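J.: Protein chains in written order, with the working numbering: chain Y, 10 to 185; chain S, 10 to 185.
We treat Cβ as the ideally placed atom computed from N, Cα and C, and that holds for glycine.
Note that the structure is predicted; figures quoted are calculated from it, not measured.
(1) Strictly below 9 Å CB to CB, what residues from chain S border residue 148(Y)?
(2) Given a threshold of 16 other Cβ atoms within 10 Å of its Cβ, counted over all protein chains shown, does residue 153(Y) qualify as buried or as exposed?
(3) Per DSSP, residue 178(S) is paired with what?
(4) Are the region 171-179 of chain Y and the region 104-117 of chain S touching, with three or more C-beta to C-beta distances below 8 Å?
(5) Kindly indicate if chain C contains any beta-carbon less than 7 Å away from that of residue 52(Y).
(6) Find out if the Cβ-Cβ distance for the pair residue 12(S), residue 116(S) is shorter than 7 Å.
(7) Determine contact between the region 51-70 of chain S and the region 123-139 of chain S, defined as no fewer than three beta-carbon pairs at a distance below 8 Å.
(8) So, under 8 Å CB-CB, residue 28(S) and residue 168(S) are touching, yes? Tell me the CB distance rounded to an integer number of Å.
(9) Per DSSP, what kind of secondary structure is residue 20(S) in: helix, strand or coil?
(10) Could you check what DSSP says for residue 65(S) in three-state terms: helix, strand or coil?
(11) Between the alpha carbons of residue 129(Y) and residue 86(Y), how many angstroms are there, rounded?
(12) State the Cα-Cα distance for the pair residue 164(Y) and residue 147(S), rounded to the nearest angstrom.
(13) Which residues, taken in chain order from the region 20-37 of chain S, show a beta carbon closer than 9 Å to some beta carbon of chain Y?
(14) So if I threshold CB-CB distances at 8 Å, which residues from the region 92-126 of chain Y count as touching chain S?
(15) Counting only beta-carbon separations shorter than 7 Å, does residue 133(Y) have a partner in chain S?
(16) List the residues of chain Y that residue 181(S) touches, going by C-beta distances under 8 Å, in chain order.
(17) For the alpha helix (DSSP H) that contains residue 112(Y), what are its first and last residues?
(18) Cβ of residue 186(S) within 7 Å of Cβ of residue 90(S)?
(19) Quick one: what does DSSP say residue 72(Y) is sitting in, helix, strand or coil?
(20) Cβ of residue 171(S) less than 7 Å from any chain Y Cβ?
(21) Check whether the Cβ of residue 177(S) lies closer than 7 Å to any Cβ atom in chain Y.
(22) Taking the alpha-carbon of residue 47(S) as reference, which of 39(S), 74(S), 159(S), 18(S) has the nearest alpha-carbon?
(23) State the DSSP-derived secondary structure class of residue 122(S), mapped to helix, strand or coil.
(24) Give a yes or no on whether the C-beta atoms belonging to residue 137(Y) and residue 183(Y) are separated by under 7 Å.
(25) In angstroms, rounded to a whole number, what distance separates the CA positions of residue 31(S) and residue 77(Y)?
(26) Once you ignore the five residues that flank residue 173(S) on each side, which residues in its own chain have a CB closer than 7 Å to its CB?
(27) I'd like to know if residue 46(S) contacts chain Y, where contact means its C-beta is closer than 7 Å to some C-beta of that chain.
(28) Taking 7 Å as the CB-CB limit, is residue 17(Y) close to chain S?
(29) Starting from residue 14(Y), follow its DSSP beta bridges and name the residues at the other end.
(30) Please list, in chain order, the chain Y residues whose beta carbon lies closer than 9 Å to that of residue 165(S).
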C-alpha cells in the first residue's frame, strides 16, 4: 500500500498561485475575509507535508509561530538544502527516494505544497485529489499551478462550493 | 448606453480552450454527455455574437446547419477577411470601430467568442461577465482562455454549479 496525495491550493481564476515576484497578497488579502477555506480541517487529515525548496524558504520566513505542521512528517524535496538544515524536516534529493521513504514510514495521506513540487507530483502520477480554491481575480501573469504534461489527466468532479467572499472551491479525484 | 458582454466558454481545469493544433475533442466528447451546459439559454439572451477570424473559420467549417446565430448580429474582427466574404457577418478591422458600430445599432448584450478575441475584450475592459464551464481534465498545453493583463481584473463570484458529467460552471461579474 502506498499513500494518497491531495493538493490543497489557492489560485487566481487565470490559474496562478503567485505573481512572478512570488507575491500572494492578491490571494491572502481576499483569503483573510473568507477564512481558512477548509485548510485546517484538511490538514487534520494529513500525516505528511511535502514541499519544494522555494516553498520551504517561504514557510520559514513566516516564523516559528506560523509552523502549522505540528508532529506531522515534513519533507523538503531539494538538491540544495543541507540535510541537517532544520530538525523539523527530512530533506529528500529526488522524488523516488521521497516516495519510498513515505511508504516505509507508513504514511497514508500526503499534502504536496508549492507550484513546482505539485507539477512534479502530477507528472509522476502521484496526485490523487485536488482541492482548489479559486480567488475572484485575474492577475495576468506569474507562477502557474499547472504545467506541461506528457498525457492528459482525466478527473472526476467531486464537488463545487461557494465559500463566500468570492471564493469557489472545486474538488476533483484523478481518474486512473 | 453601451452594451454588456458575457464570455461563455469551456476550458480544461488547467485553463485551455483548445490544444495547440486547435483540437477540442477533449472538450466536446465530455460536453456531449453533459448537454449544452446552458449555452442555448445564454444565446437567447444575446443580440450580437463577435468572433475573431480563427473562430469564424472554425464555425464555417461546422457547416450551414450548425450556424446557431439566427438573425443575431454577427461580427468578425479581422484584418484579413474580405468585407463581402459572408452576407451573414459584418467584418470589423479594429475593436474601436466594432464597439462604436454595436453601440450605433443599439446592441445590448454581446457574446464575444474565441481565445484571442476574448483576451482583447478583457484587456479593453469590455467584458462584464464570465460563464466558464470547466471540463474535468488537465491537457497540459494549448491555447489559453486568459492572457497577459496590464492590471488585475477583480471579479465577483455570482455562482458555482455542478452541471453533471464532471463539469463545474463558474459565473463571475467583473468589478468596476
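T.: On the basis of the supplied data:
(1) Taking a Cβ-Cβ cut-off of 9 Å, the neighbours of residue 148(Y) in chain S comprise 158, 161, 162, given in sequence order.
(2) buried
(3) In DSSP, residue 178(S) forms a bridge with 142(S), 170(S).
(4) no
(5) Absent here is chain C; the protein component of the structure consists of chains Y and S.
(6) yes
(7) Enough Cβ pairs lie closer than 8 Å, so yes.
(8) Incorrect: roughly 29 Å between the Cβ atoms, too far for contact.
(9) strand
(10) When secondary structure is reduced to three states using DSSP, residue 65(S) falls in the helix class.
(11) 10 Å
(12) 8 Å
(13) 21, 22, 23, 24, 35
(14) none
(15) no
(16) 22, 145
(17) 104-113
(18) Because chain S is modelled from 10 through 185, residue 186(S) falls outside the range shown and cannot be assessed.
(19) In the structure shown, residue 72(Y) sits in coil (DSSP, three-state: anything other than H, G, I, E or B).
(20) The beta carbon of residue 171(S) sits closer than 7 Å to some beta carbon of chain Y.
(21) Yes, contact with chain Y.
(22) 18(S)
(23) strand
(24) Cβ atoms of residue 137(Y) and residue 183(Y): closer than 7 Å.
(25) 44 Å
(26) Shown here for residue 173(S): same chain residues with a beta carbon closer than 7 Å to its own, the five before and five after excluded, namely 43 in chain order.
(27) no
(28) no
(29) The secondary-structure analysis by DSSP pairs residue 14(Y) across a beta bridge with 119(Y).
(30) 145, 175
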